[in-house]
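Here's the structure we're looking at; comments come further down.
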Amino acid sequence: MLPALIADGWNHNTHYQERLLRSVPRTCRRALDVGCGLGAFARRLSTLSDQVDGVDGDPGVIRRARELSVHVRNVRFIEADFMSWTADGPYDFISMIAALHHLPFGDALTKAAELLAPAGVLVVLGLDRAPSLFHAGARSLIAYPLSGCYRMVRRTSPVGARTLEPTMTLSEIRRSAGALLPGAVVRRHLLWRYSLVWTKP
43 MLPALIADGW NHNTHYQERL LRSVPRTCRR ALDVGCGLGA FARRLSTLSD
93 QVDGVDGDPG VIRRARELSV HVRNVRFIEA DFMSWTADGP YDFISMIAAL
143 HHLPFGDALT KAAELLAPAG VLVVLGLDRA PSLFHAGARS LIAYPLSGCY
193 RMVRRTSPVG ARTLEPTMTL SEIRRSAGAL LPGAVVRRHL LWRYSLVWTK
243 P
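Taken in order, the sequence shown gives residues 43 to 243; the numbers are from the working numbering.
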């Protein structure tokens with residue numbers, strides 16, 4: 043059994059949770075975490091939103107997320123494929139953490155945008171493919187030592203869900219996201235991640 047303390051520990055995704063939580067609207071009645079995994083971010087969201095839904099297609103992952111969240115009353119974990127799932131209402135905040143590259147990029151962003159209430163916020167923490175071996179090496183030259191330092195001083199956590207290599211470069215992501223979500227802000231981060239933040243008009 044994986045203790046909740048370890049499940050909510052440090053990894054390359056949880057490293058950026060505080061940054062993502064700053065984008066939660068001041069008044070947030072409903073939040074959705076797509077590809078919620080073991081529920082670490084959903085549990086953090088539960089302190090800022092009245093209701094949180096976590097969606098993941100892996101039944102084992104959802105079962106473990108529920109076990110780790112029995113003390114959190116306002117989080118609901120749903121076993122479903124996000125692309126075929128039907129929500130029961132709009133959301134004020136939607137997150138996708140290391141999940142978008144598992145989904146059809148354009149269709150997933152479009153669906154997330156449709157599920158947002160006006161003035162709702164979409165945040166993505168994603169992985170992108172390095173455009174060349176040189177770029178991959180340059181990125182890792184910084185990221186590996188930094189990651190190693192964090193691992194020495196923090197209790198680490200497994201991702202808890204299956205992993206998949208990204209296929210889109212950051213330039214492709216910026217171009218596609220800009221066409222679908224005008225005004226979306228995409229930023230590169232050190233630990234093999236990028237963020238996308240978009241507020242629905």
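Glycine is no exception: its CB is placed at the ideal position from the N, C-alpha and C atoms.
Values in this document were obtained by computation on a predicted structure and should not be read as measured data.
I'd like to know if residue 223 contacts chain D, where contact means its C-beta is closer than 8 Å to some C-beta of that chain. Among the chains of the structure shown, chain D does not appear; only one protein chain is present.
Helix, strand or coil at residue 149 according to DSSP, with G and I counted as helix: The answer is helix: DSSP assigns residue 149 an H, G or I state.
According to DSSP, which residues form a beta bridge with residue 138? 76, 166
Alpha carbon to alpha carbon, how far is residue 111 from residue 172? Rounded to whole angstroms, residue 111 to residue 172 spans 36 Å at the Cα level.
In chain order, what residues of the same chain have a beta carbon less than 8 Å from the beta carbon of residue 71, not counting five sequence neighbours either side? 91, 92, 93, 134
So who's on the other strand from residue 96, going by DSSP bridges? 75, 119
Between the C-alpha atoms of residue 141 and residue 208, what's the straight-line distance to the nearest angstrom? 10 Å
Could you tell me the distance, in whole angstroms, from the CA atom of residue 234 to the CA atom of residue 170? If I take the Cα positions, the gap works out to 8 Å.
Over the uninterrupted alpha helix (DSSP H) stretch that includes residue 110, give me the two end residues. Taken as a continuous stretch (DSSP letters only), the alpha helix (DSSP H) holding residue 110 covers 101 to 110.
Can you look up residue 218 in the DSSP assignment and give me helix, strand or coil? helix
Nearest candidate by alpha-carbon position, reference residue 37, set 107, 114, 158, 103: Residue 37 is absent from the structure shown; the chain starts at 43 and stops at 243.
Classify residue 149: buried if its beta carbon has 16 or more other beta carbons within 10 angstroms, exposed otherwise. exposed
Just confirm the distance between the C-beta atoms of residue 97 and residue 74, as a whole number of angstroms; I'd bet it's less than 8 Å. By a beta-carbon distance limit of 8 Å, residue 97 contacts residue 74. Their separation comes to about 7 Å.
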